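Novice: Okay, handing you the structure first.
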Amino acid sequence: AHEISVLCDAEVALIVFSTKGKLFEYSTDSGMDRILERYERYSYAERELVAADLDPQGNWSLEYTKLKAKIEILQKNQRHFMGEDLESMSLKELQNLEQQLDTALKQIRSRKNQLMYESISVLQKKERALQEQNNQLGKKLKEKEKEAAQQAPWDNRNQSQNQNQNQGQDSPSFLLSQSLPSLNIGGNYHSGGSTGVDEEGTRPQTRTNNSMMPPWML
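If you use UniProt numbering, the sequence shown corresponds to residues 1 to 218, in order.
Next up, the structure:
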């Protein structure tokens, strides 16, 4: 790499990973970071040019492929969360899945408890409102009963007076006094048309007026 950089007068960067995972690198005097930055900049510009040259149909095909891959991954994860297709998963993947499920269960239980507490609070408020309404109705009922108890003696007294008055009007003596006409007892005396004189002296003749008396008293 050093000889190439000298012979070609070029910036050279070399990165090597051994079979044991060790990293080895070499770069010219410009430095590894500067060379990699320059490489990334030119590589990005080249990708932009290639993407601009692709036709719209090719872009749609590429996008469709990406979306299809994402859908397959999501469906696979969903099956794993449902406890399906676990045979292909490693121990580490199963541990990660278990941790994710535990976290999800904690969040679900927390949200459920929160909703239960809110529901209980609403029911308690309704219970207090109904209890207060019941107390008010009880007070009104007691007031009505008290008023009725105070009014009952007056009603009974008026009813008793009306009954006594009706009984007095229906008695036999009251009915007899209402049915009998007034009697004019004693006749009207008046002098006769002629005066007779005999040996014993003058005797006036009297006539009793019985026209005002009923037949059963004659």
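We put the CB at the ideal spot given by N, CA and C, even for glycine. Keep in mind it's a predicted model, so treat the numbers as computed, not measured.
When the Cα atoms are used, what is the spatial distance from residue 97 to residue 80?
Specialist: About 8 Å.
Novice: Since I believe residue 32 is in contact with residue 25 (beta carbons under 8 Å), could you give me their beta-carbon distance rounded to a whole number of angstroms?
Specialist: Going by Cβ atoms, the distance from residue 25 to residue 32 rounds to 6 Å, so yes, they are a contact pair.
Novice: At the level of alpha carbons, what is the spacing between residue 102 and residue 62?
Specialist: The straight-line gap from Cα to Cα measures roughly 37 Å.
Novice: Output the distance between the C-alpha atoms of residue 92 and residue 110, rounded to the nearest integer angstrom.
Specialist: Each residue's alpha carbon lies about 27 Å from the other.
Novice: Residue 71 to residue 3, Cα distance in whole Å?
Specialist: If I take the Cα positions, the gap works out to 50 Å.
Novice: So is residue 148 buried or exposed if we call it buried at 16+ other beta carbons inside 10 Å?
Specialist: Exposed, because fewer than 16 other Cβ atoms sit within 10 Å of the Cβ of residue 148.
Novice: According to DSSP, residue 119 sits in a beta bridge with which residue or residues?
Specialist: Paired residue(s): none; residue 119 is not in a bridge.
Novice: If you reduce the DSSP assignment to three classes, tell me which class residue 10 lands in.
Specialist: Coil.
Novice: Within 10 Å of its beta-carbon, does residue 69 have 16 or more other beta-carbons around it, so buried, or fewer, so exposed?
Specialist: Residue 69 is exposed by the Cβ-count criterion.
Novice: Does DSSP put residue 17 in a helix, a strand or coil?
Specialist: Three-state result, residue 17: strand.
Novice: Report yes if the C-beta distance between residue 5 and residue 28 is below 7 Å; otherwise report no.
Specialist: Contact: yes.
Novice: Can you check whether the CB of residue 13 is closer than 7 Å to the CB of residue 35?
Specialist: The answer is yes: Cβ separation under 7 Å.
Novice: Can you tell me whether DSSP reads residue 25 as helix, strand or coil?
Specialist: If DSSP states are grouped into helix, strand and coil, residue 25 belongs with the strands.
Novice: If residue 86 sits next to residue 94, beta carbons under 8 Å apart, how far is it from one beta carbon to the other, in whole angstroms?
Specialist: Indeed, because the Cβ distance is near 7 Å, the residues count as touching under 8 Å.
Novice: Going by DSSP in three states, residue 89 sits in which element: helix, strand or coil?
Specialist: The answer is coil: DSSP assigns residue 89 none of H, G, I, E or B.
Novice: Express the C-alpha separation of residue 99 and residue 120 in angstroms, rounding to a whole number.
Specialist: Distance between the alpha carbons of residue 120 and residue 99 is about 32 Å.
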